[in-house]
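Residue numbers (UniProt numbering): 1 to 498. Positions of the beta carbon are idealized from the N, C-alpha and C atoms, including for glycine.
Right under this line is the structure:
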């Protein structure tokens, strides 16, 4: 009915034809669903009450197609072609997520199937939604939505965005509402007992949580707040370079770091892939640790960190752009009353105040930050760093020290989330190591030292199969397996569920 109302409102002939074709595709899909009912032996069974999640989505679609959103009139009362186009666009905005989600799930499930496996109850469902024809229908729906949205205002496009998000939320609720016929290993907190278990989340900060490296933020603060070359500095001020000299010095330091970092990696990575050996990797990373410490010494000796005001640093932290879903994930972890969980942030960042300020904007004062710290005279940085976490070796030592100081009457489950070579030892030590981002150096180092990088979703499917077959579902570190996640949303779904 949604497509029917959208077709009625579409003013463009091409749009009407496209919507009509989509309506026909839906009819075919409904017939397919009827065949599933018969095939699964449910034909003729007592009619069940409609799932409440499904009812909510149906009501939402009908309300949207009837013009009950965005202050528009119903289809029968629309006076102008523009008003009709707007309702058609809103309707497509509410229906497109369904098409895209099913197309996505079809392809994901198809990729997981063993071609040698025999038939199974969901074969036709997966074949249909992974088919080229359904993928094309989903793409066509999106193209049609784009076409109908061309003439809309910014405010009207905002309404479509909200409709899209609401529709996707309702679709996820529909899937979440389905009953499960077998025990599952996800979400991770499913079997969590706060009285006996202790969930420990460890995370890196730079480029794991942030979009930009913190050193670049601190460099920008230094340059922007530095005196001009002809500006007089009072005798009681900490002497600073001019903004022009600072920019040049930062550029030199950055280029030198990048070049020498690559050379350092090259010096210890084996030319041929070896069997996973944690001790050998740990030993090799001592070279990288020495390099990182020398690089930090160069920075402090250069004087580029002198004269930064603590308030400028805190303001920059509060405005720092974090990865989508990062703040929400940590908020759910620390604010939940049903979890006995704690979060530790381990970072090379030179200034812990920057990290604390970044999380304080999301009211996350409970996070434990382990990083380096600036030294200040009153509120102005001296240019020195209190060095606590400078290298992969420092990070993993901090990780172990934290675990050593935990209560021993609880069972700890550790998850480490990171993005770089500096995180690799912690990622491997944790019960579950999750890699986010696409660091080529991390993958190169890990692969050559025998580490396996497994996409999170297929990895969980494999573990679920092992669980059903009666094998252990326990998570443990130092297996040489790291899981790769595409986003914080995927990590959230794995650990906390919907």
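If you check the CB distance, residue 456 and residue 419 do not come in under 9 Å. Taking C-beta atoms as the reference points, residue 497 and residue 432 fail to come closer than 9 Å. By a beta-carbon distance limit of 8 Å, residue 129 contacts residue 102. Their separation comes to about 5 Å.
Sequence-distant partners of residue 383 (beyond 5 residues in either direction) whose C-beta falls short of 7 Å from its own C-beta, in its chain, are 300, 303, 305, 306. Annotation: residue 259 to residue 272 spans about 23 Å, alpha carbon to alpha carbon. Going by beta carbons, residue 221 and residue 114 fall outside the 9 Å limit. With a contact defined as Cβ atoms closer than 8 Å, residue 88 and residue 148 qualify at about 5 Å. A direct Cα-to-Cα measurement between residue 96 and residue 142 gives close to 6 Å. Put simply, of 139, 166, 90 the residue whose alpha carbon is nearest the alpha carbon of residue 156 is 90.
C-alpha of residue 343 to C-alpha of residue 361: approximately 17 Å in a straight line. Per DSSP, the continuous alpha helix (DSSP H) segment holding residue 301 begins and ends at 278–302. Between the alpha carbons of residue 99 and residue 352 lies a distance of about 45 Å. Counting only runs of 4+ residues, the alpha helix (DSSP H) found wholly inside the UniProt domain "Thiaminase-2/PQQC" (89–177) occupies 123–130, 132–149, 154–176, in chain order.
The C-alpha of residue 394 lies about 14 Å from the C-alpha of residue 294. Under the DSSP definition of a beta bridge, residue 481 partners with 452. Contact check for residue 198 against residue 364 fails: the beta carbons are separated by 9 Å or more.
In this structure, the CA atom of residue 489 is about 17 Å from the CA atom of residue 454. Judged by DSSP in its simplified three-state form, residue 307 adopts strand.
In this structure, the straight-line span from the alpha carbon of residue 386 to that of residue 379 is close to 16 Å.
Within the same chain, Cβ atoms closer than 6 Å to the Cβ of residue 485 are found at 434, 436, 456, 491, the five residues on either side in sequence being excluded. Residue 54 is a Cβ neighbour of residue 177, given a cutoff of 9 Å.
DSSP links residue 382 through a beta bridge to 306.
Apart from sequence neighbours up to five positions away, the residues of its chain that approach residue 467 with a beta-carbon distance below 7 Å are 185, 473, ordered along the chain.
For residue 190, the three-state secondary structure derived from DSSP is helix. Taking C-beta separations shorter than 6 Å and ignoring five residues to either side along the sequence, the partners of residue 205 in its chain run 345, 347, 349, 355, following chain order.
Pairing residue 201 with residue 399 gives a Cβ-Cβ distance that is not under 9 Å. Boundaries of the alpha helix (DSSP H) around residue 395: 392–404.
In the DSSP secondary-structure assignment, residue 197 is bridged to 411.
Here residue 341 carries a strand assignment [DSSP, helix/strand/coil]. When 119, 107, 190 are compared, the shortest CA-CA separation from residue 135 is found for 107. Comparing C-alpha distances from residue 269 to each of 59, 481, 451 shows the shortest one belongs to 451. Judged by DSSP in its simplified three-state form, residue 346 adopts strand.
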